[in-house]
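Novice:
Protein chains: 2
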Amino acid sequence: MDIRFDGERLRAGSRARERFYDSRGYGQPREGNLELAPVEAAHLLFRGDIERVLDSRDGEDRPLGFGALLASTAVSEVSFFVYKDLRDRGFYLSPTRDTGEGETDTTASGGEFVVYPRGRGPWDDAVAYRVRAVSEREAVPARALRALVDRATADGATAVLAVVDEESEVTYLELSEPAVDGATDHDLPAVSGRLLSDRVLVDDPPEALYERGFYGQRLDPDGPLQLSLVEATQLADSGLLDLTGAGEPGARLRERGRAVEGERFDRRLRVYTGLRAAGVVPKTGFKFGADFRTYAEVTSVSELGHSERLVRVLTGEHVFAPRDLALDVRLAHGVRKQMLFALAGETLTWLAAERLTP
Amino acid sequence: MDIRFDGERLRAGSRARERFYDSRGYGQPREGNLELAPVEAAHLLFRGDIERVLDSRDGEDRPLGFGALLASTAVSEVSFFVYKDLRDRGFYLSPTRDTGEGETDTTASGGEFVVYPRGRGPWDDAVAYRVRAVSEREAVPARALRALVDRATADGATAVLAVVDEESEVTYLELSEPAVDGATDHDLPAVSGRLLSDRVLVDDPPEALYERGFYGQRLDPDGPLQLSLVEATQLADSGLLDLTGAGEPGARLRERGRAVEGERFDRRLRVYTGLRAAGVVPKTGFKFGADFRTYAEVTSVSELGHSERLVRVLTGEHVFAPRDLALDVRLAHGVRKQMLFALAGETLTWLAAERLTP
Chain A
1 MDIRFDGERL RAGSRARERF YDSRGYGQPR EGNLELAPVE AAHLLFRGDI ERVLDSRDGE
61 DRPLGFGALL ASTAVSEVSF FVYKDLRDRG FYLSPTRDTG EGETDTTASG GEFVVYPRGR
121 GPWDDAVAYR VRAVSEREAV PARALRALVD RATADGATAV LAVVDEESEV TYLELSEPAV
181 DGATDHDLPA VSGRLLSDRV LVDDPPEALY ERGFYGQRLD PDGPLQLSLV EATQLADSGL
241 LDLTGAGEPG ARLRERGRAV EGERFDRRLR VYTGLRAAGV VPKTGFKFGA DFRTYAEVTS
301 VSELGHSERL VRVLTGEHVF APRDLALDVR LAHGVRKQML FALAGETLTW LAAERLTP
Chain B
1001 MDIRFDGERL RAGSRARERF YDSRGYGQPR EGNLELAPVE AAHLLFRGDI ERVLDSRDGE
1061 DRPLGFGALL ASTAVSEVSF FVYKDLRDRG FYLSPTRDTG EGETDTTASG GEFVVYPRGR
1121 GPWDDAVAYR VRAVSEREAV PARALRALVD RATADGATAV LAVVDEESEV TYLELSEPAV
1181 DGATDHDLPA VSGRLLSDRV LVDDPPEALY ERGFYGQRLD PDGPLQLSLV EATQLADSGL
1241 LDLTGAGEPG ARLRERGRAV EGERFDRRLR VYTGLRAAGV VPKTGFKFGA DFRTYAEVTS
1301 VSELGHSERL VRVLTGEHVF APRDLALDVR LAHGVRKQML FALAGETLTW LAAERLTP
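Order-wise, the sequence lines are chains A and B.
FYI, the numbering for the first sequence is 1 to 358, going by our numbering.
FYI, the numbering for the second sequence is 1001 to 1358, going by our numbering.
(1) Report buried or exposed for B/Ser1135, applying the criterion of at least 16 other Cβ atoms within 10 angstroms of its Cβ.
(2) Please state whether the Cβ-Cβ distance between B/Asp1165 and A/Phe286 is less than 9 Å.
(3) Which of the three DSSP states is assigned to A/Ser14 in this structure?
(4) Tell me whether B/Arg1047 sits in a helix, a strand or coil according to DSSP, three-state version.
(5) So what does DSSP say about B/Ala1259, is it helix, strand or coil?
(6) Could you name the residues of chain A that B/Glu1051 contacts, counting a contact when the two beta carbons are closer than 8 Å?
(7) Which whole runs of the beta strand (DSSP E) in the region 1265-1335 of chain B are 3 residues long or more, in chain order?
(8) Using a Cβ-Cβ cut-off of 9 Å, state whether B/Pro1249 counts as contacting chain A.
(9) Pick out whichever of A/Leu10, A/Leu44 and A/Leu45 has its Cα sitting closest to the Cα of A/Gln28.
(10) Measure the CB-CB distance between B/Val1280 and B/Leu1173 and report whether it falls below 9 Å.
(11) Give the secondary structure of A/Ala74 by DSSP, where H, G and I count as helix, E and B as strand, and everything else as coil.
(12) Judging by CA-CA distance, which residue of B/Val1039, B/Asp1006 and B/Arg1047 is the nearest neighbour of B/Asp1058?
(13) Quick one: what's got a C-beta closer than 7 Å to B/Glu1103's C-beta in the same chain, skipping five residues either side?
(14) A/Trp123 to A/Gly25, Cα distance in whole Å?
(15) Can you tell me whether A/Gly193 is buried or exposed, with buried defined as 16 or more other CB within 10 angstroms of its CB?
(16) With three or more C-beta pairs closer than 8 Å as the rule, is the region 61-74 of chain A touching the region 1189-1209 of chain B?
(17) Where does A/Asp98 fall in DSSP's three states?
(18) Within 10 angstroms of its Cβ, does B/Arg1151 collect 16 or more other Cβ (buried), or is it exposed?
(19) Based on the DSSP secondary-structure assignment, which residues constitute the bridge partners of A/Leu55?
(20) Quick one: residues in its chain with C-beta nearer than 7 Å to the C-beta of B/Val1335, no 5 flanking neighbours on either side, listed in chain order?
(21) Of all the options A/His43, A/Phe81, A/Leu161 and A/Ser56, which has the alpha carbon lying nearest to the alpha carbon of A/Pro322?
(22) Would you say B/Gln1217 and B/Leu1209 are within 9 Å of each other, going by their C-beta atoms?
(23) Flag B/Ala1326 as yes if its beta-carbon sits less than 9 Å from any beta-carbon of chain A, otherwise no.
(24) Put B/Phe1214 into one of helix, strand or coil per three-state DSSP.
(25) Compare the C-beta of A/Ala342 against all C-beta atoms of chain B and say whether one is closer than 9 Å.
(26) Starting from the Cα of A/His186, find the closest Cα among A/Gly213, A/Leu196 and A/Ala179 and give me that residue.
(27) Measuring alpha carbon to alpha carbon, tell me which residue in A/Glu354, A/Phe80 and A/Thr299 is nearest A/Leu310.
(28) Which residue comes first and which comes last in the alpha helix (DSSP H) that contains B/Arg1151?
(29) Give the secondary structure of A/Gly193 by DSSP, where H, G and I count as helix, E and B as strand, and everything else as coil.
(30) Report yes if the CB atom of A/Gly345 is closer than 9 Å to the CB atom of A/Thr315, and no otherwise.
(31) Does any residue of chain B have a CB that is nearer than 9 Å to the CB of A/Ser192?
(32) The alpha helix (DSSP H) spanning A/Thr233 covers which residue range?
(33) What does A/Lys283 reach in chain B if we use C-beta pairs closer than 9 Å?
(34) Quick check on the burial criterion: 16 or more other C-beta atoms within 10 angstroms. Buried or exposed for A/Glu138?
(35) Can you list, in chain order, the residues of its chain with a C-beta nearer than 8 Å to that of B/Glu1018? Leave out the 5 residues immediately preceding and following it.
(36) Report the three-state DSSP secondary structure of B/Leu1343 (helix, strand or coil).
Okay, structure coming up:
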């Protein structure tokens, strides 16, 4: 059974098609014969199902074994490790090139795979996962992940980023676009505060501000309330906070916010305000290394449950380092929260990431 | 009881000294009278122990209350929140200005405190903690943290970074210089491998390489072994790895390493090699968002316990964002490991950080 490699695809006859495609989902049938992607041929070589392929690129038929094919530029290691790992987990899968027109969609060093539900294969229509394979050293634009979610959704599949670390282990991250809405509703009285260097002090706060709205933090059980600058600005924008001293409160707070954290203040305020508008209560996520932790429904602080999500605020142009992604997702998992990325671009969009064992 | 503020210190008479210093550790005695730092006066005002202080900066005695003193530039909020929190936890403490000569030592917005053991005070010699107070938005040079550890060690105390987040909660991180040594010892045979784009494949590995040395990762239980580029380079430098193809293996591997991760490769190799030389086995820390996880003693991989530490490799000039520090320390705590920072400057130094509840 000869399998010839022309530098892009590998071709074999109908016996190979019966043996590898019909019964085990390798490759694509072409006029009764079989066409294999290099990563598929590498896997057949690795398993010993075939002993060698014939490299016919320079007109001669030179035999290539597993090691030589993997060391060649035809197959990326990253692609092979992900392909092998998913096969080991009992899936049939196909490399895909129809990743849309955007530049961001074709940058993954390990390419993209369509993974069929267990027990199904390329001859069926169902897709379980759309998997983008990358090396841990690769920069991954948030935009590309959003596009992956869209492609997966169109297939009725789950979007997955598969990261191959330097010791060739694969970590799977499930990506999705979460619904961000809550049920917090309250009616708060207006208050007055004093602007300190990095927060606002409300000397005599009405109980509802903290207890129902979950704004700020008390200095003592019955003491003054401190508001963070984002909390204070959102309250001022809602007409609920005035400041002692001259000047429009919202403008003074923005000026101070930008002075202490630059552009990031505006991004965080935008996300904070968006969450509040959706009935979700954001509080600082500092202890989790995030911007916010969020509560979908606060009726009273004294009956508060655990926060459900962690939010990291990023620009629309953000480029992830897979290691940072792994850190965030691992931490969120450890504290039983969902990790959300708020992409503050032209519009505010959301990306959720969590660990997945396919 | 009049307490006068000259813009730097507050001064009061002997009755105040008896009441606040002798019995509760506020301030310093000066010729039978009392001298208070602004943060101490703010705390006495906050508690209602005094009602006002007299601002005598412009020759008149203008009364100042808690809110006005806190809103002035004399007291930083960060300093006040840390002072109050430690007092609430039952400690007496004193702000200190003798933080050495270095610039890095005086940059903390909240300053530094000497915290006495519970039940002790400024009239004793014992110091429990040396606490540097910073805002979560402040950049904290690794160098300054190392210097803090040195000052604390000189006092026989524990070095602590107290971070005040935007909602005014205080997170305490204990800092130390850990001993880095292990008991891993093995004798390995030399092997030959094939350089792939981002790792090395050893086709027919001797069992000891993985099983005793814990180098690499097997592709299959009896299959080829993959080595990461740092593992391969350290082995090549030890004369234990040759590569197929021309060129000195160590040089080829360094060239490839720099091509895939730049200068970071050299830093990581330096730390990897240092750990191996100390009898510690480093493996990838990717799943924890770190550079390495480490094992102090590996006798056989089949009897491996959990790794004890996570290592993040940084430059000697690294400047921490407190939020990133909090993220690393929280994650490490969640997986019951100690977080170590390797500062690869002129010399390689170590800084450990963990959560502390004073």
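All C-beta atoms, glycine included, are put in the ideal place defined by N, C-alpha and C.
Specialist: In brief:
(1) buried
(2) yes
(3) helix
(4) helix
(5) helix
(6) Per Cβ cutoff of 8 Å: no residues; B/Glu1051 is ~15 Å from chain A at best.
(7) 1281-1284, 1292-1295 and 1309-1315
(8) no
(9) A/Leu10
(10) no
(11) coil
(12) B/Asp1006
(13) Residue placement at B/Glu1103 is flagged as unreliable, the pLDDT there being 37, under the threshold of 50; the coordinate-derived value follows with that caveat. Counting only Cβ-Cβ distances below 7 Å, and skipping sequence neighbours, we find nothing.
(14) 8 Å
(15) buried
(16) yes
(17) Unreliable positioning characterises A/Asp98 in this predicted model, as indicated by a pLDDT of 49, which lies under 50. The coordinate reading is nonetheless provided below. Of the three classes helix, strand and coil, the one that applies to A/Asp98 here is coil, per DSSP.
(18) buried
(19) According to the sequence as given, residue 55 of chain A is Asp; it is not Leu. Answer is A/Phe5 and A/Arg62.
(20) Phe1288
(21) A/Leu161
(22) no
(23) yes
(24) coil
(25) no
(26) A/Gly213
(27) A/Glu354
(28) Ala1142 to Asp1155
(29) strand
(30) yes
(31) no
(32) Leu229 to Asp237
(33) Glu1167
(34) buried
(35) none
(36) strand
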